[in-house]
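Residue numbering for the sequence shown follows our numbering, starting at 766 and increasing by one per position.
What follows is one structure encoded as C-alpha cells, with my remarks underneath.
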Amino acid sequence: MYTWRKVIQYVSLCALVMLCCMVASSSNHEAPGPKHASFLIKNAFVVKIPKDAKTTRIWFAVPQEDAYSRITDFKVESNEPVTYNWDSWRNKVGYLEVDGTTTPEAHITETFALTREEMRNRIDPKATRPLTDAERQALARYLQPTTYVIINDQIKALAQQITGGETNPVLAARKIYDWTLQNIDYWVKYPDHLKASSTGSTDYCLRTKTGNCTDFHSLFASLAMAAGIPTRMVYGSLLKPTLDGVPVDASYHCWIQFYAPNLGWLPLDVSLANIYGKEFPLTDANKKLVELTTATGYKGFDPSKIDYYFGNLDDRRVVWSIGRDLMMQPPQDDGPVNSFPKMYVEVDGKQSTDWTRELTYKSLTPDPDR
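Structure, rendered in C-alpha cells:
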C-alpha cells in the first residue's frame, strides 16, 4: 500500500532521474532530432465561367501525403459536386464539371490540418551504387524528358563535363547540384534585370543562367537524367512565417527528388541553396521578394544551407503534386498539363486561366527562432 511519503519519494526520484538524463543528453552534443510543424490550411479557388460556355471542366490540386506528412480533417466545399481521381503520376486530384451557363462562377474551398516533419538524411555515398539494368528499366519514366525538361546533345555533353563520368548517383548528383548552385542565379536577387520563365524550362535556365525554382530544377533534372540518375519534381507551397494568416495566392515552390539504390528517393532544393549560399546585396528592390522565396525567413548569407538542402528539407511545406506533363482523369482535351501546383481548367476543350486562388494558413507550432 502506497503512503503519501512514498509517493513523494517516488516522484522526487523520477525527477532526479529525468534531470540526470537531461544533463547526460546535453553533454553528448548529439544533433537535435527533426523539427515538426503543424498548420491549419485553407485553399480557395474561384473560376470564372464564360457566358457562352457549354462545359467547363476543373481539376484542382489536393494535398498529398507522404512519409513525412499527415493530412487530417480534409474537407471540400463547392457549389458543384466534386469527385476524386488519380492523374498519370498517381497524384490524387479533385474534379468538377459545370454544364451550361447558369453558373457564373465555380467556388472551391478545401480545408485541412497538416503536420509535417523535417526531412533529414545523412547521405553516405558508400551506401549506394550505380543502377542495374533492371532498376533502370523499372525507373524508366523518371529518366525520360518532358516538354520543358529536355535531354539533347548539349545537355548530355554538359552532364558528362560536370560529373566527369562519375557513376555513383550521390556523388554525381552532388556535382550537378554544386554546378547549378554556382552557375545559376535566382531571379529574385536581381529583379531589375533577371526574370523567370513562364513554364519552368531547362533551355531558358541554361541560356539565361537564371530563373525560378522550376527553371533551376528543370535544368538539374535534365543534367541528372542525362547522367543516368532518375529524378522527379515535387510541387508544393512553402508555408512562410511572414505570410502566416495572410490571405494571398502565395504562389508555389518546387524541389527535386533523385533516386539512389539502397538509399531510395532523396530530396534537394538547389534554388533555396542559391538564395542562402551565395552572397548578394539585399536592396529595396529585392528584399521582399527574397523573403517570400524562402521557407523559414531570410536572415542573410548562410553557407551551411548548401549542405543542408542536399538531402534535407525544412518542415514548412505542403505537397500538391509530383511530375510534369500530367494527364488527368477524366482526360483533358488540350494536351498534357505542364505542372500542377494549383488547378487546371478547360472551357469547351481549351485551357482557361480565368481563375484565382487564395491560400491561407495558420501555424499551430510557432518557433521563436524563426
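Yeah, the Cβ is synthetic: ideal placement off N, Cα and C, and Gly gets one too.
Exercise. Along the chain, where does the alpha helix (DSSP H) that runs through Arg881 open and close?
Worked result: The count along the sequence shown starts at 1 and reaches residue 881 at position 116. No alpha helix (DSSP H) contains Arg881, which is instead part of the beta strand (DSSP E) from Glu870 to Glu882.
Exercise. Quick one: any contact between the region 916-933 and the region 976-993, if contact means 3 or more CB pairs under 8 Å?
Worked result: yes
Exercise. My guess is that Thr868 and Pro895 are in contact by the Cβ rule of under 8 Å, so how many angstroms apart are they, rounded?
Worked result: Locating residue 868 in the sequence shown gives position 103, counting from the first residue. Locating residue 895 in the sequence shown gives position 130, counting from the first residue. Incorrect: roughly 55 Å between the Cβ atoms, too far for contact.
For this session: Kindly give me the distance between the Cβ atoms of Pro1032 and Trp1020, rounded to whole angstroms, as I take these residues to be in contact under 8 Å.
Result: Locating residue 1032 in the sequence shown gives position 267, where the first residue counts as 1. Locating residue 1020 in the sequence shown gives position 255, where the first residue counts as 1. Contact flag correct, Cβ pair sits at about 6 Å.
Exercise. Which runs of the alpha helix (DSSP H), 4 residues or longer, sit entirely within the region 1009-1088?
Worked result: List check, alpha helix (DSSP H) in window: 1035-1042, 1052-1058 and 1069-1073.
Problem set entry | Residues that Asn850 bridges to, as DSSP identifies them | By one-based count along the sequence shown, residue 850 stands at place 85. According to DSSP, Asn850 bridges with Val858.
Problem set entry | Nearest candidate by alpha-carbon position, reference Arg1081, set Gln1094, Ala1038, Pro1006 and Gln1097 | For this step, residue 1081 is matched to residue 316 along the sequence shown. Taking only the C-alpha atoms, the option nearest Arg1081 is Pro1006.
Exercise. Cβ of Asp1072 within 7 Å of Cβ of Ala1060?
Worked result: In the sequence shown, residue 1072 corresponds to position 307, counting from 1. In the sequence shown, residue 1060 corresponds to position 295, counting from 1. Taking 7 Å as the Cβ cut-off, Asp1072 and Ala1060 do not qualify as a contacting pair.
Problem set entry | Contact between the region 801-815 and the region 1122-1129 (3+ Cβ pairs under 8 Å) | Touching, per the Cβ criterion.
Exercise. What does a CB cutoff of less than 7 Å around His872 pick up in its chain, not counting 5 residues either side in sequence?
Worked result: The residue you call residue 872 lines up with position 107 of the sequence shown. Hits under 7 Å: Val811, Ser843 and Asn844.
Exercise. Does the region 821-832 touch the region 1101-1110, meaning 3 or more C-beta pairs lie closer than 8 Å?
Worked result: yes
Exercise. Would a C-beta distance cut-off of 7 Å place Thr928 and Trp952 closer than the cut-off?
Worked result: As a working note, residue 928 is residue 163 in the sequence shown. As a working note, residue 952 is residue 187 in the sequence shown. No, the Cβ-Cβ distance between Thr928 and Trp952 is not below 7 Å.
For this session: Take every Cβ of the region 843-860, pair it with every Cβ of the region 877-891, and state whether three or more of those distances are shorter than 8 Å.
Result: Result no; under three Cβ-Cβ pairs closer than 8 Å.
Exercise. So who's on the other strand from Leu805, going by DSSP bridges?
Worked result: Start at 1 with the first residue of the sequence shown, and residue 805 comes out as number 40. Beta-bridge annotation (DSSP): Leu805 is paired with Ala878 and Lys1127.
For this session: Can you say whether Ser963 is buried or exposed, counting buried as having 16 or more other CB atoms within 10 angstroms of its CB?
Result: Start at 1 with the first residue of the sequence shown, and residue 963 comes out as number 198. Label assigned to Ser963: exposed.
Exercise. When you compare only the Cα positions, how much space is there between Ile836 and Leu805?
Worked result: Numbered from its first residue, the sequence shown carries residue 836 at position 71. Numbered from its first residue, the sequence shown carries residue 805 at position 40. Going from the Cα of Ile836 to the Cα of Leu805 covers about 10 Å.
Exercise. Terminal residues of the continuous beta strand (DSSP E) containing Ser966?
Worked result: The residue labelled residue 966 in the question sits at position 201 within the sequence shown. Ser966 -> no beta strand (DSSP E), and no H or E assigned at all.
For this session: Kindly indicate which three-state DSSP category Asp838 falls into: helix, strand or coil?
Result: Here residue 838 corresponds to residue number 73 of the sequence shown, with the count starting at 1. Strand.
Exercise. Do Leu946 and Pro890 come within 7 Å of each other at the CB atom, strictly closer than that value?
Worked result: Here residue 890 is taken as the residue at index 125 of the sequence shown, counted from 1. Here residue 946 is taken as the residue at index 181 of the sequence shown, counted from 1. Result no, Cβ atoms of Pro890 and Leu946 do not sit closer than 7 Å.
For this session: Could you pull the start and end residues of the beta strand (DSSP E) that Phe825 belongs to?
Result: Mapped onto the sequence shown, residue 825 falls at position 60. Counting along the chain, the beta strand (DSSP E) containing Phe825 begins and ends at Thr820 to Ala826.
Exercise. At which residues does the beta strand (DSSP E) containing Met1108 begin and terminate?
Worked result: If you number the sequence shown from 1, residue 1108 lands on position 343. Where Met1108 is concerned, the enclosing beta strand (DSSP E) stretches over Met1108 to Val1112.
Exercise. Rounded to the nearest angstrom, how far is the Cβ of Phe1075 from that of Ser1036, given a contact under 8 Å?
Worked result: Locating residue 1075 in the sequence shown gives position 310, counting from the first residue. Locating residue 1036 in the sequence shown gives position 271, counting from the first residue. Actually they are not in contact, since the Cβ atoms of Phe1075 and Ser1036 sit about 12 Å apart, beyond 8 Å.
Exercise. What number of angstroms, rounded off, separates the C-alpha of Val1112 from the C-alpha of Glu875?
Worked result: For the purposes of this step, residue 1112 is identified with residue 347 of the sequence shown, where counting begins at 1. For the purposes of this step, residue 875 is identified with residue 110 of the sequence shown, where counting begins at 1. Their backbone Cα atoms lie some 22 Å apart in a straight line.
Problem set entry | Cβ-based neighbour list, Thr821, same chain, cut-off 6 Å, excluding 5 preceding and 5 following | On the sequence shown, residue 821 is found 56 positions in, with the first residue counted as 1. Here the set comprises Ile814, Val863 and Val1112.
Problem set entry | Cβ shell of Tyr969 (< 7 Å), same chain only, five flanking positions each side left out | Working through the sequence shown from its first residue, we reach residue 969 at position 204. The residues are Ser962, Gly976 and Asp980.
Problem set entry | Three-state secondary structure assigned by DSSP to Met1093 | Translated into positions along the sequence shown, residue 1093 becomes position 328. DSSP places Met1093 in coil when its eight states are reduced to three.
Exercise. Taking 6 Å as the line, does the beta carbon of Tyr969 fall inside it for any heavy atom of the ligand MG?
Worked result: This structure does not include the ligand MG; it has no bound ligands of any sort.
Exercise. Per DSSP, what kind of secondary structure is Asp957 in: helix, strand or coil?
Worked result: Position 192 of the sequence shown, counted from the first residue, corresponds to residue 957. Coil.
For this session: May I have the straight-line CA-CA distance separating Ser1016 from Ser1002, to the nearest angstrom?
Result: By 1-based counting over the sequence shown, the position of residue 1016 is 251. By 1-based counting over the sequence shown, the position of residue 1002 is 237. Each residue's alpha carbon lies about 7 Å from the other.
For this session: Going by DSSP, name the residue or residues bridged to Gln926.
Result: One-based indexing of the sequence shown puts residue 926 at position 161. In the DSSP output, where bridge partners are listed per residue, Gln926 has none listed.
Exercise. Which residues mark the beginning and the end of the alpha helix (DSSP H) in which Leu984 is found?
Worked result: Here residue 984 corresponds to residue number 219 of the sequence shown, with the count starting at 1. Counting along the chain, the alpha helix (DSSP H) containing Leu984 begins and ends at Cys978 to Ala991.
Exercise. Among the residues of its own chain, which have a CB less than 7 Å from the CB of Ile915, if the five just before and after it don't count?
Worked result: Here residue 915 refers to the residue found at position 150 when the sequence shown is read from its first residue. Thr967, Asp968 and Ser987, listed in sequence order.
For this session: Indicate the three-state DSSP secondary structure (helix, strand or coil) for Asp950 in the structure shown.
Result: By one-based count along the sequence shown, residue 950 stands at place 185. Three-state result, Asp950: strand.
Exercise. Starting from Arg720 and walking both ways along the beta strand (DSSP E), at which residues does that stretch end?
Worked result: The structure shown has nothing for residue 720, since the chain only spans 766 to 1135.
Exercise. Where Asp1067 and Gly1042 are concerned, what is the direct C-alpha to C-alpha distance, given to the nearest angstrom?
Worked result: Counting from one through the sequence shown, the residue named residue 1067 turns up at place 302. Counting from one through the sequence shown, the residue named residue 1042 turns up at place 277. Distance between the alpha carbons of Asp1067 and Gly1042: 6 Å.
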